[in-house]
């Protein structure tokens, strides 16, 4: 499992003894260094993503972590596991990133929208492909709440150090003493930060009310299919009927937030594909352990469908509790999705085009 409790963790090395690999890596053997670090690459990237909320920033932080580890091999005294050492580097790299003003250029919305009844304070947020989670499906979804978009979005509203403490203690299950060592502080300070983080998280949480259908279950597939059918038919009333009473639609990086069926329905009627009845095609994907659809639209006179965005769905037994829209430019390539396609592409690459 990616986030095994640190106390039970023993270092994993792809080939042979950890000490032997460390000795070789310190002498400049890059293959030995990869053997030491590769077992932790996925979980470290996910850790960076939780703290930064951005797939792009998490990739950068992971690379910076590995570079810092390579340069710092001579200073690693093996008083902790390689895994703990890497988490220390990664956590502090993320905190350094969060201390600086991250400036992501945000283009204006490409179409007019109704005045939102609320504004989202999360700002920059990106989805995380399920294909980069643990390769064992049973383990992939064991801690799904710690990967879901609602949790990631809530983390972005915590002070960075509180977010780091919460993730280290309650997701990765490091002890208070271990978390303090990782952050260069005291166990008492960690305990206080964790309490404040829990209180803030509860106040900003916008997750679904009620349990979600199991990933890949018949219930999840059926509800997602009904949503996809209504969406491709451009039937706003049918889409709204599938929403829970307290559903939310958000669209990071834009601050617009629409809560409730009426507000979401009004927004959808402004969407060009619905308003002008442009043909829509959807591709089924998964992000943050949740069902998602990549959306394409055929504009008048165009010969190919163009990507318009990705919708990540949060489901409950009562319907769709949240829709999070992401613009396609940075998201689609990371999911292996084209930004345009023709009807012939569906048969050519075997994707689930509707």
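In full-length UniProt numbering, the protein residues as written are 1 to 354. Built from N, CA and C at the ideal position, the CB exists for glycine as well. Since we're looking at a predicted model, the values are computed, not measured.
Identified DSSP bridge partners for residue i
i: residue 310; result: 294, 326
i: residue 256; result: 119
i: residue 286; result: 291
i: residue 281; result: 296
i: residue 319; result: 316
i: residue 129; result: 287
i: residue 340; result: 306
i: residue 248; result: 259, 322
i: residue 223; result: According to DSSP, residue 223 bridges with nothing at all.
i: residue 243; result: 320
Same chain, Cβ closer than 7 angstroms to residue i, neighbours up to 5 away in sequence not counted
i: residue 117; result: 258, 259, 263
i: residue 61; result: 48, 52, 90, 93, 94, 97
i: residue 265; result: 236, 240
i: residue 210; result: 316, 317, 318
i: residue 56; result: 126, 330
i: residue 275; result: 269
i: residue 194; result: 165, 166, 169
i: residue 302; result: none
Length of the line joining the Cα atoms of residue i and residue j
i: residue 347; j: residue 231; result: For residue 347, the pLDDT reaches just 37, beneath the cut-off of 50, and the residue's location in the model is therefore unreliable, leaving the point undetermined.
i: residue 66; j: residue 84; result: 13 angstroms
i: residue 180; j: residue 112; result: 48 angstroms
i: residue 289; j: residue 150; result: 11 angstroms
i: residue 340; j: residue 147; result: 29 angstroms
i: residue 311; j: residue 70; result: 38 angstroms
i: residue 190; j: residue 280; result: 50 angstroms
i: residue 325; j: residue 309; result: 7 angstroms
i: residue 170; j: residue 202; result: 14 angstroms
i: residue 33; j: residue 54; result: 27 angstroms
i: residue 127; j: residue 331; result: 7 angstroms
i: residue 224; j: residue 19; result: 49 angstroms
i: residue 86; j: residue 317; result: 40 angstroms
i: residue 74; j: residue 68; result: 11 angstroms
i: residue 268; j: residue 296; result: 15 angstroms
i: residue 323; j: residue 24; result: 49 angstroms
i: residue 167; j: residue 321; result: 25 angstroms
i: residue 124; j: residue 81; result: 33 angstroms
i: residue 184; j: residue 143; result: 27 angstroms
i: residue 165; j: residue 247; result: 30 angstroms
i: residue 336; j: residue 305; result: 16 angstroms
i: residue 299; j: residue 17; result: 59 angstroms
i: residue 314; j: residue 31; result: 41 angstroms
i: residue 328; j: residue 186; result: 43 angstroms
i: residue 272; j: residue 284; result: 21 angstroms
i: residue 238; j: residue 261; result: 11 angstroms
i: residue 291; j: residue 22; result: 41 angstroms
i: residue 204; j: residue 192; result: 19 angstroms
i: residue 188; j: residue 175; result: 12 angstroms
i: residue 251; j: residue 333; result: 19 angstroms
i: residue 130; j: residue 216; result: 12 angstroms
i: residue 282; j: residue 26; result: 50 angstroms
i: residue 58; j: residue 228; result: 30 angstroms
i: residue 221; j: residue 145; result: 19 angstroms
i: residue 44; j: residue 242; result: 37 angstroms
i: residue 212; j: residue 63; result: 34 angstroms
i: residue 50; j: residue 293; result: 22 angstroms
Assigned exposure category for residue i - 16 Cβ within 10 Å defines buried
i: residue 156; result: buried
i: residue 28; result: exposed
i: residue 40; result: buried
i: residue 249; result: buried
i: residue 5; result: In this prediction, residue 5 scores a pLDDT of 36, lower than 50, which makes its location untrustworthy; the coordinate-derived value is nonetheless stated afterwards. That one is exposed.
i: residue 161; result: buried
i: residue 79; result: exposed
i: residue 219; result: exposed
i: residue 121; result: exposed
i: residue 37; result: buried
i: residue 177; result: exposed
i: residue 110; result: exposed
i: residue 115; result: exposed
i: residue 278; result: buried
i: residue 234; result: buried
i: residue 163; result: buried
8 angstroms Cβ shell around residue i - same chain, five flanking residues per side excluded
i: residue 106; result: 253, 254
i: residue 99; result: 160
i: residue 206; result: 150, 153, 154, 248, 322
i: residue 244; result: 208, 209, 316, 318, 319, 320, 321
i: residue 287; result: 127, 128, 129, 130, 149, 310, 312, 335
6 angstroms Cβ shell around residue i - same chain, five flanking residues per side excluded
i: residue 88; result: 182
i: residue 158; result: 197, 200
i: residue 338; result: none
i: residue 342; result: 304
Practice item. Counting only runs of 4+ residues fully inside the UniProt domain "RNA polymerase sigma-70 region 2" (38–103), write out the alpha helix (DSSP H) ranges in chain order. Key: 41–52, 55–71, 82–99
Review point. Fully enclosed by the region 143–176, which alpha helix (DSSP H) runs are 4 residues long or longer?
Key: 149–155, 160–166
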